[in-house]
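As structure tokens, the structure follows; a few thoughts come after it.
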Amino acid sequence: MEYRQLGRTKEKISVIGMGCWGLGLSRDADEWAREIASVRRGIELGMNLIDTAERYSSGRSEELVGEAVKDCRDEVFIATKVAPPNLHYDAVIRACKDSIKRLDVSYIDLYQVHWPDPSVPIKNTMSAMERLVQDGLVRYIGVSNFSVSETDAARAALAKNDIASNQVEYALTNRSVEADILPYRVRERITLMAYSPLAHGQIARSIPGDILQKYDMTPAQAMLNWVTRSEQVVAIPKAGNIRHQEENAYSIAVRFSAADYEKMPSG
Ligand code: NAP
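Number 99 in this note's numbering belongs to position 99 of the sequence shown; there are no gaps in the numbering.
Below, the structure is given as structure tokens:
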């Protein structure tokens with residue numbers, strides 16, 4: 001596994017992490033056990049970045065992540081999110097404590113604002129985030145689905161901390177962040193956490209066979225290799241089954257040449 005620095009911090013996170021949307025959606029305990037086993041296999045393979053949210057499966061995703069990491073909490077980097085309507089100061093504090101309880105941990109590594117909410121002054125949300133850092137409940141602050149100007153406003157609202165990451169949709173077949181969000185992140189050294197990097201499971205069909213053969217990769221692996229080619233990007237594919245998790249972990253075992261990255265189709 002390859003690791004990259006989180007924003008301007010000294011923290012090292014795996015270039016391929018594990019997205020946990022959908023974990024715990026089923027009511028079937030066998031399915032939960034499979035999902036936990038998949039996360040544990042990812043950890044074994046060096047994927048230390050785990051992304052969840054209070055919203056995912058009404059909190060059940062956080063509970064399953066907690067179960068998966070209970071004997072290795074300090075080896076992993078847990079990112080979770082607070083969502084509207086919880087962006088007012090008191091609600092952020094309460095939501096964070098609830099997430100900590102569901103995760104069954106004593107701190108969250110990266111606490112992210114899931115979506116911006118223009119009806120809540122960003123200063124209000126960011127002051128709560130800084131309070132959580134000061135109290136040792138959160139280590140780093142991140143955002144998600146923030147534009148460049150929204151990120152600037154969040155950074156300006158922070159007194160002692162900086163925004164470490166922005167989680168946005170980015171995949172071979174969806175490159176809209178390349179217009180302004182990606183260049184801004186690279187310039188400002190803010191990690192871009194690429195969500196839905198496998199296009200929600202709609203794996204690209206038009207990747208040239210010669211590239212797949214040359215690097216001995218599946219199309220899904222080629223998508224992850226491509227999306228993480230920049231130093232400022234990490235990706236969080238979701239894999240509910242172990243075979244997918246393993247495939248994703250090995251997606252960056254070798255790097256494509258710059259010329260081959262150029263040949264990767266967007267459709
Ligand atoms: P994704 O990662 O692009 O795709 C997930 C789908 O791809 C699942 O159906 C999965 O199947 C399948 N898959 C995984 N590995 C595969 C492989 N090697 N080969 C073939 N298929 C494979 O989509 P996503 O779940 O939307 O996004 C990933 C994560 O990003 C989420 O879990 C969440 O953490 C985050 N996210 C954040 C936001 C936000 O607003 N911040 C929005 C969406 C997502 P199996 O499950 O059967 O393995």
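In this text, a Cβ means the ideal position worked out from N, Cα and C, and glycines have one as well.
Counting C-beta pairs closer than 8 Å gives fewer than three between the region 135 to 148 and the region 16 to 24, which falls short of the contact rule.
Boundaries around residue 5 are those of the beta strand (DSSP E), 3 to 5, since no alpha helix (DSSP H) includes it. When distances are taken from the beta-carbon of residue 63 to the heavy atoms of the ligand NAP, even the shortest one reaches 7 Å or more. The nearest non-hydrogen atom of the ligand NAP is 7 Å or more from the C-beta of residue 88. DSSP, reduced to helix, strand and coil, places residue 160 outside both helices and strands of the structure shown, so it counts as coil. Boundaries of the alpha helix (DSSP H) harbouring residue 98: 89 to 103, taken from the DSSP string. The region 61 to 78 and the region 93 to 103 touch, with three or more beta-carbon pairs separated by less than 8 Å. One alpha carbon belongs to residue 215, the other to residue 203, and they sit about 17 Å apart. Pairing residue 186 with residue 8, the inter-Cα distance amounts to about 11 Å.
In the three-state reduction of the DSSP assignment, residue 12 falls in the strand class. Each of 14, 10, 6 and 194 was checked against the Cα of residue 249, and the nearest Cα belongs to 14. By the criterion of a C-beta distance shorter than 8 Å, residue 226 is surrounded in its chain by 172, 256, 261 and 264, once the five residues flanking it on both sides are discounted. The closest heavy atom of the ligand NAP lies less than 7 Å from the beta carbon of residue 240. Looking at the backbone, the Cα of residue 147 and that of residue 168 are separated by about 9 Å. Relative to the Cα of residue 27, the nearest Cα in the group 11, 57 and 3 belongs to 57. The beta carbons of residue 234 and residue 49 sit about 6 Å from each other, so the pair counts as a contact at 8 Å.
A check of alpha carbon separations from residue 25 across 39, 55 and 5 identifies 55 as the nearest.
CA-to-CA, the gap between residue 188 and residue 35 works out to about 36 Å. Among the bridge pairs identified by DSSP, residue 18 is matched with 50. Look at residue 199: its beta carbon is less than 7 Å from one of the heavy atoms in the ligand NAP. In the three-state reduction of the DSSP assignment, residue 267 falls in the coil class. Exclusion of residue 181 from the 7 Å shell around the ligand NAP follows from its C-beta lying no nearer than that to any non-hydrogen atom of the ligand.
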